[in-house]
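The listed protein sequences correspond, in order, to chains C and A.
Each residue of the first sequence is one higher than the last, beginning at 1 in the numbering used here.
Each residue of the second sequence is one higher than the last, beginning at 108 in the numbering used here.
From the three backbone atoms N, C-alpha and C, an ideal C-beta is built for every residue, glycine too.
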Amino acid sequence: GQSLEQPSEVTAVEGAIVQINCTYQTSGFYGLSWYQQHDGGAPTFLSYNGLDGLEETGRFSSFLSRSDSYGYLLLQELQMKDSASYFCAVKGGKLIFGQGTELSVKP
Amino acid sequence: DTEVTQTPKHLVMGMTNKKSLKCEQHMGHRAMYWYKQKAKKPPELMFVYSYEKLSINESVPSRFSPECPNSSLLNLHLHALQPEDSALYLCASSSRTGDEQYFGPGTRLTVT
């Protein structure tokens with residue numbers, strides 16, 4: 001079977017750094033993606049890790065360890081607009097989404 | 108143009124109605140997807156089209172019928188739906204299956 005685990009909720013304050021972890025068990029793994037979804041909006045692609053290591057895109061970074069079946073999304077200098085749901089997704093023959101982490105950024 | 112458009116934005120239909128959801132992309136993507144999403148849940152894959160051919164049907168009930176008239180368009184035909192089918196229906200596209208997906212804004216469907 002295929003499964004992904006991520007925390008259901010995370011709360012942080014503006015300006016802080018937050019890390020959202022994702023562990024997975026899948027067959028046919030090709031990489032780990034992260035998507036952001038604001039309330040009432042559509043998911044938008046944030047980052048992709050096909051190989052081990054860190055990928056940085058502005059305030060967001062994503063990390064993958066294939067040997068540990070583990071990845072994380074790191075959000076720095078948090079802003080109120082970062083309040084959203086964040087999904088990790090495993091790329092195989094199709095995308096399998098985790099259950100999502102609801103991030104609340106407080107002033 | 109990096110946009111996926113979907114119409115209508117909202118749809119209310121009775122259980123005996125027939126309606127269609129439409130999706131369009133002009134990014135030259137050859138893979139298109141339909142997802143269903145309930146509140147506070149991840150998108151749930153329904154169908155995948157690759158090069159205009161249905162490649163994945165995730166055991167979706169036959170009251171949902173997808174159609175890909177050409178490489179830019181994707182339809183989802185709805186018939187005899189149930190109240191539990193009320194959800195946000197998302198269309199997405201990618202260069203190839205498995206690549207980064209671009210999602211449309213979705214159609215909020217309510218079945219009464």
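Anyone know if the C-beta pair for A:K143 and A:A194 falls short of 7 Å? yes
Q: Compare the C-alpha of C:G100 against each of C:L75, C:L78 and C:W34 and name the closest.
A: Considering only alpha carbons, the answer is C:W34.
- Message: Suppose you measure from the CA of C:I17 to the CA of C:Q76; what does that come to, to the nearest Å?
- Response: 4 Å
Quick one: what does DSSP say A:M221 is sitting in, helix, strand or coil?
-> Only positions 108 to 219 of chain A appear in the structure, and residue 221 of chain A is not among them; the question remains open.
Does the contact criterion of 3 or more C-beta pairs under 8 Å hold for the stretch 111-122 of chain A versus the stretch 175-190 of chain A?
yes
Nearest by alpha-carbon distance to C:V90: which of C:S83, C:T57 and C:L51 is it? C:L51
CB contact check: C:Q99 to chain B, cutoff 7 Å | The structure shown contains no chain B; its protein chains are C and A.
Contact check, A:Q113 vs A:T214, beta carbons under 7 Å: yes
Q: Take A:S179 and list the residues in its own chain whose beta-carbon comes closer than 8 Å to its own, dropping the five residues that flank it on each side.
A: Once the five neighbours on either side are set aside, the close Cβ partners of A:S179 are E131, Q132 and H133.
Open item on the list: Is A:S179 close to the ligand SAM? I mean its beta-carbon at under 6 Å from any heavy atom of the ligand.
Closed with: In terms of ligand content, the structure shown is empty, and the ligand SAM therefore cannot be addressed.
Checklist entry - Taking A:V111 as the reference, which of A:T219, A:F171, A:P176 and A:M139 has the closest Cα? => result The shortest C-alpha separation from A:V111 is found at A:M139.
Checklist entry - Considering C:F60, what are the terminal residues of the beta strand (DSSP E) in which it resides? => result F60 to S65
Let me know the secondary structure DSSP gives A:K147 once reduced to three states. coil
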